[in-house]
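S.K.: Take a look at this one; I'll ask things after.
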Amino acid sequence: METPDYEFPPISGRWLKKAKRRYNSIFMGGERDRIPVDPMMLAHSTVCCGYSIRDFYEKPKLAVNCLALAQETYDLLPVTKYYFAHPWLPELGIRLKPMDYMAPVADNVVVSSPEDVDLLHIPDSDELMKGYTYTRLTGAMDYTKERFPDMFVPMAYVPEPVGSGAALCGLEQFFMWTETEMDLCKKLVDAYIETATMGAESIARRYGMALLNTGAVLENSDTMSPEKIKEISPPALNKLVKGCLTKGAGPQIFYHFCGNHKDDYHLFPGRIVFTPFTIMQIGYWERESFPAKVLKETFGKISANMPSVDTKLFVLPDQKKVYDVACRQVI
């Protein structure tokens, strides 16, 4: 069992105050020393503190300490958000296999034939609150609230409904069904949406308002046609987010669109819900970072926008290239 007795230096109150002012300026305006940077940091936090990638996923309390320290060390965000791969899928029967050098991976499928789709067991609220995801998320958030109260932000983590639904049958089968049995794909996605919405409701009941983190990753311009994406992705995202908001989560929404969305980004305005506290992030335009100009032109009036830097630059020894690209994106 993990022990919370880790020795880490305290977070600087002076830094935290400055970082909060900078972060709040995204939504409320006002002066700031620079544009906030959110690296969506996961296991790098444990690695840069001398631990392993696997430690991040297996020791949430350690990860919380590493995340807080990394935010201050890199002068990033005044919040500590612990999240992980495949939330709410173990509750639907997916087994997660631990890995040494990456996030845990799905080790099985629960749907092998069309007949299996209607046999999926959707957990009730009591089952959900005893499951892998809820206990892991709330354990990390309770610890954050106690250890770093000024960096605590409740989060209802409900990532990509389409990709999560696809995991139930396996990606190859899912892509095949998008061409031949789209209704089956929608049923799988709906099973995930129902489960994740219950999860968000449980988080909101425990903590009050909670940041919604979701998006579109599997379905992108490299994997599906714009027509298929339009049919399945915006309706799924809209249903998930509206359901979570209705159950008390939100109002802050973070939309994470990883991958190449050159041919489908325009399908989402007017088809998914935005609140005054929405952040929109899109990864790539083909093989280049998604242009900040296009992001602003498309979403600038309905959300705060988060331009991207190509992830592969972060493994290079010369970090100046990262800052140069970021500068070109936002100035």
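Residues 0 to 330 (numbering that gives the first Met the number 0) make up the sequence shown, in order.
Idealized CB from N, CA, C, for every residue including glycine.
Near Leu66, what residues of its chain come up, given a Cβ to Cβ distance below 6 Å and the 5 sequence neighbours on each side ignored?
M.R.: Here the set comprises Ser44 and Thr79.
S.K.: Which same chain residues, not among the five before or five after Glu177, have their C-beta less than 8 Å away from its C-beta?
M.R.: First, the amino acid is wrong: residue 177 is Thr here, not Glu. Only Cys184, Met223, Lys227 and Ile231 meet the Cβ criterion.
S.K.: Considering only C-alpha positions, which residue in the set Phe289, Pro316, Leu312 and Gln318 is nearest to Met305?
M.R.: Closest by alpha carbon: Phe289.
S.K.: Whose CA, out of Ile52, Tyr133 and Lys60, lies closest to the CA of Glu6?
M.R.: Here the closest residue by C-alpha is Lys60.
S.K.: Where do the N-terminal and C-terminal ends of the alpha helix (DSSP H) with Asn23 fall, by residue?
M.R.: That run of the alpha helix (DSSP H) goes Gly12 to Met27.
S.K.: Between Ala62 and the ligand PLP, is the CB less than 7 Å from at least one heavy atom?
M.R.: This structure simply doesn't include the ligand PLP, nor any ligand for that matter.
S.K.: Roughly how many angstroms separate the alpha carbons of Glu200 and Gly130, rounded to a whole number?
M.R.: Cα to Cα, Glu200 sits roughly 15 Å from Gly130.
S.K.: Excluding the 5 residues flanking Phe273 on each side, which residues of the same chain have their C-beta closer than 6 Å to its C-beta?
M.R.: Ile301 and Ser302.
S.K.: Could you check whether Met150 and Pro268 sit closer than 8 Å to each other, using their CB atoms as the reference points?
M.R.: Not closer than 8 Å, so no.
S.K.: Any idea if Arg337 is buried or exposed, counting beta-carbon neighbours within 10 angstroms, 16 or more meaning buried?
M.R.: Nothing can be reported for residue 337, as the shown portion of the chain is limited to 0 through 330.
S.K.: Once the 5 residues before and after Met279 are set aside, which same chain residues still bring their CB inside 6 Å of it?
M.R.: Closer than 6 Å at the Cβ level, and outside the excluded window around Met279, lie Tyr254, Phe298, Ser302 and Asn304.
S.K.: Give the C-beta separation of Leu211 and Ile252 to the nearest angstrom, bearing in mind that I take them to be a contact with Cβ-Cβ under 8 Å.
M.R.: Contact flag correct, Cβ pair sits at about 5 Å.
S.K.: Quick check: Pro153 and Gly207, are their CB atoms within less than 8 Å of each other?
M.R.: For Pro153 and Gly207, yes; Cβs fall inside 8 Å.
S.K.: Decide if the stretch 238-249 is in contact with the stretch 162-169; the criterion is three or more beta carbon pairs, one per stretch, under 8 Å apart.
M.R.: They do not touch, by the three-pair rule.
S.K.: Pick out whichever of Cys48, Phe26, Ser112 and Ile34 has its Cα sitting closest to the Cα of Pro8.
M.R.: Of the listed residues, the one whose Cα sits closest to Pro8 is Cys48.
S.K.: What residue range is occupied by the uninterrupted beta strand (DSSP E) comprising Phe253?
M.R.: Per DSSP, Phe253 belongs to the beta strand (DSSP E) from Ile252 to Asn259.
S.K.: Measuring straight from C-alpha to C-alpha, what distance separates Glu287 and Leu266?
M.R.: Cα to Cα, Glu287 sits roughly 20 Å from Leu266.
S.K.: Which complete alpha helix (DSSP H) runs does the stretch 51-107 hold, if anything under 4 residues is left out?
M.R.: Listed in chain order, the complete alpha helix (DSSP H) runs (minimum 4 residues) inside the stretch 51-107 are 52-57 and 59-72.
S.K.: I need the DSSP call for Gly207, collapsed to helix, strand or coil.
M.R.: In the structure shown, Gly207 sits in coil (DSSP, three-state: anything other than H, G, I, E or B).
S.K.: Can you look up Ile228 in the DSSP assignment and give me helix, strand or coil?
M.R.: If DSSP states are grouped into helix, strand and coil, Ile228 belongs with the helices.
S.K.: For Asn219, count the other beta carbons within 10 Å of its own beta carbon; 16 or more makes it buried, fewer makes it exposed. Which is it?
M.R.: By the 10 Å Cβ count, Asn219 comes out buried.
S.K.: With a threshold of 16 other CB atoms inside 10 Å of the CB of Arg327, please say whether the residue is buried or exposed.
M.R.: The residue in question, Arg327, is exposed, as its Cβ has fewer than 16 Cβ neighbours within 10 Å.
S.K.: Using three-state DSSP, classify Thr348 as helix, strand or coil.
M.R.: Residue 348 is absent from the model: the chain starts at 0 and stops at 330.
S.K.: Can you check whether the CB of Thr132 is closer than 8 Å to the CB of Pro160?
M.R.: Their beta carbons are not under 8 Å apart, which means Pro160 does not touch Thr132 by this criterion.
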